[in-house]
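Q: Line order of the protein sequences matches chains Y and D. Just so you know, the UniProt record's numbering puts 27 at position 27 of the first sequence, and the rest follows in order with no gaps. Just so you know, the UniProt record's numbering puts 186 at position 186 of the second sequence, and the rest follows in order with no gaps. Just so you know, even glycine gets a beta-carbon here, dropped at the ideal spot from N, CA and C.
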Amino acid sequence: MADGREARDGGTLTVALASDPDKLDPSLAQTLVGRTVFASMCEKLYDSDEDGQLVPQLATELPEISDDGRTVTFDVREDATFSDGTKLDADAVVTSLKRHRDIAGSARATELGPVEGVEATGPYSVRITLKQPYTPLPTVLADRAGMVLSPKAIEKYGKNFTNHPSCVGPFKYKERVGGDRIVLVKDDKYYDADAVHLDQVIYRPIPDGNVRLANLRSGDVQIGDQMTPVEVTSVLTDPKLKLFNSPSMGYQGIGINVGNTKGLGEQPGRIDTPLGRDVRVREAFEKSLDRKLINKIVFQGMYEPACGPVSPKSAIAPGVRASECPERDVEGAKKLLKEAGVKTPVRFEYTVNNTPEDIRLGQVVQSMAKDAGFQVSLRPMEYASMLEETDSGRYDAFRSGWSGRLDPDGNIASFLTTRGAMNAYGLGDEKIDELIARGRTEGDQGERAKIYRELTEKVNAEHTLIYLYRQKNYVVAGKDIAGLRVYGDGLVRVKSAGYAR
Amino acid sequence: MNHYLLKRLRQSLITLFLVSVVVFAGVRAIPGDPALALAGEERSPEALAAIREQYGLNDSIFEQYWRFVSHAVTGDLGVSARTGLPVDDAIVGALPVTVELALLSLLFAVVVGIGAGVIAAVRRGRPSEWLANGLALLGLSVPNFWLGIVLVLSLAIAVPVFAASGYVPFGVDPVDNLRRMVLPAIVLGSGLAAVVMRQTRAAMLDSLSADYVRTARAKGLSRRQVIGSHALRNSLVTVVTILGLQLGQLISGAVVTEQIFVLPGFGKLTIDAVFTRDYAMLQGVVLCTSAAYILINLLVDVAYSVIDPRIRLGGAPR
Numbered sequence: 001m002a003d004g005r006e007a008r009d010g011g012t013l014t015v016a017l018a019s020d021p022d023k024l025d026p027s028l029a030q031t032l033v034g035r036t037v038f039a040s041m042c043e044k045l046y047d048s049d050e051d052g053q054l055v056p057q058l059a060t061e062l063p064e065i066s067d068d069g070r071t072v073t074f075d076v077r078e079d080a081t082f083s084d085g086t087k088l089d090a091d092a093v094v095t096s097l098k099r100h101r102d103i104a105g106s107a108r109a110t111e112l113g114p115v116e117g118v119e120a121t122g123p124y125s126v127r128i129t130l131k132q133p134y135t136p137l138p139t140v141l142a143d144r145a146g147m148v149l150s151p152k153a154i155e156k157y158g159k160n161f162t163n164h165p166s167c168v169g170p171f172k173y174k175e176r177v178g179g180d181r182i183v184l185v186k187d188d189k190y191y192d193a194d195a196v197h198l199d200q201v202i203y204r205p206i207p208d209g210n211v212r213l214a215n216l217r218s219g220d221v222q223i224g225d226q227m228t229p230v231e232v233t234s235v236l237t238d239p240k241l242k243l244f245n246s247p248s249m250g251y252q253g254i255g256i257n258v259g260n261t262k263g264l265g266e267q268p269g270r271i272d273t274p275l276g277r278d279v280r281v282r283e284a285f286e287k288s289l290d291r292k293l294i295n296k297i298v299f300q301g302m303y304e305p306a307c308g309p310v311s312p313k314s315a316i317a318p319g320v321r322a323s324e325c326p327e328r329d330v331e332g333a334k335k336l337l338k339e340a341g342v343k344t345p346v347r348f349e350y351t352v353n354n355t356p357e358d359i360r361l362g363q364v365v366q367s368m369a370k371d372a373g374f375q376v377s378l379r380p381m382e383y384a385s386m387l388e389e390t391d392s393g394r395y396d397a398f399r400s401g402w403s404g405r406l407d408p409d410g411n412i413a414s415f416l417t418t419r420g421a422m423n424a425y426g427l428g429d430e431k432i433d434e435l436i437a438r439g440r441t442e443g444d445q446g447e448r449a450k451i452y453r454e455l456t457e458k459v460n461a462e463h464t465l466i467y468l469y470r471q472k473n474y475v476v477a478g479k480d481i482a483g484l485r486v487y488g489d490g491l492v493r494v495k496s497a498g499y500a501r
Numbered sequence: 001m002n003h004y005l006l007k008r009l010r011q012s013l014i015t016l017f018l019v020s021v022v023v024f025a026g027v028r029a030i031p032g033d034p035a036l037a038l039a040g041e042e043r044s045p046e047a048l049a050a051i052r053e054q055y056g057l058n059d060s061i062f063e064q065y066w067r068f069v070s071h072a073v074t075g076d077l078g079v080s081a082r083t084g085l086p087v088d089d090a091i092v093g094a095l096p097v098t099v100e101l102a103l104l105s106l107l108f109a110v111v112v113g114i115g116a117g118v119i120a121a122v123r124r125g126r127p128s129e130w131l132a133n134g135l136a137l138l139g140l141s142v143p144n145f146w147l148g149i150v151l152v153l154s155l156a157i158a159v160p161v162f163a164a165s166g167y168v169p170f171g172v173d174p175v176d177n178l179r180r181m182v183l184p185a186i187v188l189g190s191g192l193a194a195v196v197m198r199q200t201r202a203a204m205l206d207s208l209s210a211d212y213v214r215t216a217r218a219k220g221l222s223r224r225q226v227i228g229s230h231a232l233r234n235s236l237v238t239v240v241t242i243l244g245l246q247l248g249q250l251i252s253g254a255v256v257t258e259q260i261f262v263l264p265g266f267g268k269l270t271i272d273a274v275f276t277r278d279y280a281m282l283q284g285v286v287l288c289t290s291a292a293y294i295l296i297n298l299l300v301d302v303a304y305s306v307i308d309p310r311i312r313l314g315g316a317p318r
């Protein structure tokens, strides 16, 4: 969603973020809020447009991929300059990509794992060689792995780059006060500086949604990121505020422990509970849930029901539409429990994050499942503790979600591959593994879409990760803010934003 | 005197050492792996292993403690695992915010609390006493977060006199600083103001019925002189004692207030560090706070010993 109005030059824009970003180093950064700050100061080789299509940003065209899928080549802009005055060239791209992949503590190592080598084949030409075909690479380069860092800054500051970040972008880093603000100022050396209207952008972490909203209303901040449905509902009646939304590429659901006995990355074992060992019990649980009603009660109908890992809005391989999701079937659920021969009520613990929204979701799930013969007890936990419990397999079911990636592989491979990096469910299925491998190496888009359809059916038949809903990215801005863009990747783009003329 | 000073200094250092052990152990007793909290959504085993290696989380607990203490004594509290910013800088930046907030809240509590207490005592049984009592009850009962939101909605949004959040140093722009600090100071000081009001009222009622007040009246002193110079002056002894005792609560209450008004003070720093399991930041903040308490206690004890030599001679009067 984009605001087409022209903005006047000058002014400072304050953006309220839902949390304090982590390190301002694209090789090490992990958070979504960090990506929003990077969107203003660190351009990538590729970007996604309003429709989720890949478009060149620092690269001059979409990448050329060799017939065997193992060589990727592209050129980069000749007119781009880093904020420290260094010129962008192919060598800078090579240095950045190697750093992203190899630096100790890299958060990009997994997604750049298939990259075997990177070399400059000309002053502005880059060639990437892969260990095996890796179709998601271009979309990986449309995120932090594709951000190009100033080689001079890397050399000068090393790991302390985070306190002196220098990239190509409409704004450049000025200062950061931890927990309080990150200040960026317009970079006059930026190749498209004429399109930038604001003098300064300030990012302020304001974790409480109500406080974010109060600050929007008072005019102390002009943009509020990651607003929840409850807050959004009250914005709709405020004449001074405007709502932006875009569909999320991620998903939210319930993960069930079917084999996580030794922790992440380990061979799945046997979970001897009715829910863990019997697919019919899990199917019965899923049948007891009403996705539409959950969306209506918990999220004021402002999200979308979901029943697959890939968003139907994906430009690469559209996933299952909300209208295709199965309806609630309590009688069918009871029948399945009878067939399974389990003693009812089937008792299990549902671990949720201790936020009001998650607890509300838990209570609705608890109530719906009870009708079919389940006795769900809620186990609210603080986020970091919940991750520790679920990753190590100390749970029956938990609130599982993912913010989403442009390529379907980013929503699937780590979670559903046997011993996958984030397969906390202990799922181990050869057919699923084979489909995931085919999906990441298949070059033909039509074929890929078919593969992910089949994969979704197979995953849904396991009822291990029950997809429930897809969030929307809600961003609230003052009516006087023009030129703002919010796309499916959830980032607030302020390059062309400013105060309306 | 020197002997006493050395003895108290030695005791303070031992306390500081014990505090460092408790802080170090306490931070690690919080459930939740810091590597997981840092990696968040993208927690691949490789990323987790790299984070643990980078922050020495794989080292033995003794090695980690030694590293923490040996750096801390040189004034290096490390860098935040989450943001990569130096912990020392974060503390130096946050300290003035919390100190200013505490002082302004104290000022608010003293002015409003003593004023309302005097009125309630002097105008006993009249509507102004009921009003003061009602306000005190409200100040004690209303939770900070609720009062904060109400004040923001009314005085920052409906009638935009004050700012809803943020901090500007007093030295940079005094007017903007006060525009941002008045509401948090009211929120934080409201509870204390209520306590002060009740104490002042009770002490004033005692004083007003005392013989020396009757004598003062009989001498023909004006009402203002009787209340201000005699009754209130004597009542303040109790009030000042209460203020001293409540000061600690003011600092701990700043945690909530700083969250509501997004003030980058000690409270917000602590809460953010807890949620992100930022060991270095949390250790630094708690250690500095404890060190400040120990230092203040030391100074107070030394001051006592100067005032009353019997203390440094070690015991009861002979």
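From Y:Pro268 to Y:Ser246, what does the alpha carbon distance come to, in whole angstroms?
A: Taking the straight line from one Cα to the other gives about 37 Å.
Q: What's the gap between the Cα of D:Val118 and the Cα of D:Leu221?
A: Cα-Cα distance, rounded: 18 Å.
Q: In the DSSP assignment, what are the bridge partners of Y:Leu171?
A: Reading off the sequence shown, one finds Phe at residue 171 of chain Y, where the question assumed Leu. Note: Y:Phe171 sits in a beta bridge opposite Y:Lys186.
Q: From Y:Pro309 to Y:Leu491, what distance separates their C-alpha atoms?
A: Straight-line Cα distance between these residues: approximately 20 Å.
Q: Helix, strand or coil for D:Arg318, going by three-state DSSP, please let me know.
A: Reliability of the predicted coordinates at D:Arg318 is poor, the pLDDT of 43 falling under 50, and the value obtained from them is presented with this limitation in mind. The answer is coil: DSSP assigns D:Arg318 none of H, G, I, E or B.
Q: For Y:Thr12, count neighbouring C-beta atoms within 10 Å of its own C-beta (all shown protein chains included) and say buried if the count is 16 or more, exposed if not.
A: Exposed: under 16 other Cβ atoms inside 10 Å.
Q: Can you give me the C-alpha to C-alpha distance between Y:Val177 and Y:Ser96, rounded to a whole angstrom?
A: Those two C-alpha atoms are separated by around 26 Å.
Q: How would you write the range of the beta strand (DSSP E) that Y:Asn295 sits in, first residue to last?
A: Not the beta strand (DSSP E): Y:Asn295 falls in the alpha helix (DSSP H), residues Arg291 to Phe299.
Q: Closest Cβ-Cβ distance between Y:Met249 and chain D: below 8 Å?
A: Output row for Y:Met249: interface = no.
Q: Does Y:Val72 come within less than 8 Å of chain D when only Cβ atoms are used?
A: It does not; no Cβ of chain D falls within 8 Å.
Q: CB of Y:Ala437 to nearest heavy atom of the ligand SAH: below 7 Å?
A: Only the bare structure without any ligand can be found here, which leaves the ligand SAH out of the picture.
Q: When the distance is taken between beta carbons, is Y:Asp429 closer than 8 Å to Y:Thr418?
A: Yes, they are a contact pair.
Q: What residues in the region 34-49 of chain Y bring their beta carbon closer than 8 Å to a beta carbon of chain D?
A: Within the region 34-49 of chain Y, no residue qualifies.
Q: Quick one: Cα of Y:Ile412 to Cα of Y:Trp402, how far?
A: Y:Ile412 and Y:Trp402: Cα-Cα distance of roughly 10 Å.
Q: Give me the chain Y residues within the contact set of D:Tyr167, using Cβ-Cβ distance strictly less than 8 Å, ordered along the chain.
A: Going along chain Y in sequence order, the residues near D:Tyr167 (Cβ under 8 Å) are Asp180.
Q: Near D:Leu282, which residues of its chain fall below 6 Å by C-beta distance, leaving aside the five closest residues on each side in sequence?
A: Closer than 6 Å at the Cβ level, and outside the excluded window around D:Leu282, lie Val27 and Ala273.
Q: Pull out every residue of the region 262-276 of chain Y whose Cβ sits closer than 7 Å to any Cβ of chain D, in chain order.
A: Taking 7 Å as the Cβ-Cβ cut-off against chain D, the residues of the region 262-276 of chain Y that qualify are Leu264 and Gly265.
Q: Could you check whether the region 146-158 of chain D touches the region 65-80 of chain D, counting it as contact only if at least three pairs of C-beta atoms, one from each stretch, sit closer than 8 Å?
A: As far as the Cβ criterion goes, the region 146-158 of chain D does not touch the region 65-80 of chain D, which means the pair count is below three.
Q: DSSP three-state call for Y:Met386: helix, strand or coil?
A: Correct three-state label for Y:Met386: helix.
Q: Which residues of chain D have a Cβ atom closer than 8 Å to the Cβ of Y:Ser385, listed in chain order?
A: The contacting residues are Pro31 and Gly32.
Q: Is Y:Gly65 helix, strand or coil when you go by DSSP?
A: The sequence given here places Ile at residue 65 of chain Y; Gly does not occur at that position. Three-state DSSP puts Y:Ile65 in a strand.
Q: Looking only at DSSP bridge pairs, what is Y:Lys262 linked to?
A: Paired residues: none, contrary to the question.
Q: So that I know if they touch, is there some Cβ in chain D lying closer than 8 Å to that of Y:Glu388?
A: Chain D contact via Cβ: present.
Q: Tell me which residues share the same chain as Y:Thr77 and place their Cβ nearer than 7 Å to its Cβ, disregarding the 5 neighbours each side in the sequence.
A: Looking at the sequence shown, residue 77 of chain Y is not Thr but Arg. Taken in chain order, the residues that qualify are Leu58, Thr60, Leu88 and Tyr191.
Q: Along chain Y, which residues have their Cβ under 7 Å away from the Cβ of D:Gly93?
A: Val177, listed in chain order.
Q: DSSP three-state call for Y:Val376: helix, strand or coil?
A: Strand.
Q: With Y:Asn245 as the anchor, note down where its beta strand (DSSP E) starts and where it stops.
A: Its beta strand (DSSP E) spans residues Leu241 to Pro247.
Q: Cβ closer than 8 Å: which chain Y residues qualify as neighbours of D:Asp76?
A: The contacting residues do not exist; D:Asp76 stays about 15 Å from chain Y at best.
Q: At a CB-CB cut-off below 9 Å, which residues of chain Y make contact with D:Pro184?
A: What D:Pro184 touches in chain Y: nothing, since even the nearest Cβ is about 12 Å away.
Q: Got a sec, what are the start and stop residues for the beta strand (DSSP E) Y:Asn353 sits in?
A: Its beta strand (DSSP E) spans residues Val346 to Asn353.
Q: Using only CA atoms, which one of D:Val255, D:Phe275, D:Asp278 and D:Tyr279 lies nearest to D:Leu268?
A: At residue 268 of chain D the sequence reads Lys, which differs from the Leu that was named. Ranking D:Val255, D:Phe275, D:Asp278 and D:Tyr279 by Cα distance to D:Lys268 puts D:Val255 first.
Q: Quick test of the definition: if touching needs 3 or more C-beta pairs under 8 Å, does the region 481-496 of chain Y touch the region 261-275 of chain Y?
A: Contact fails: fewer than three Cβ-Cβ distances are below 8 Å.
Q: How would you list, in chain order, the residues of chain D whose beta-carbon sits under 7 Å from the beta-carbon of Y:Met147?
A: Under the 7 Å cutoff, chain D gives no residues; its nearest Cβ is about 15 Å from Y:Met147.
Q: Relative to the alpha-carbon of D:Gly139, which residue among D:Ile186, D:Ile14, D:Leu245 and D:Arg180 has its alpha-carbon at the smallest distance?
A: D:Gly139 has its Cα closest to that of D:Ile186, out of D:Ile186, D:Ile14, D:Leu245 and D:Arg180.
Q: Could you name the residues of chain A that Y:Val211 contacts, counting a contact when the two beta carbons are closer than 9 Å?
A: Of the chains in the structure shown, none is chain A; the protein chains are Y and D.
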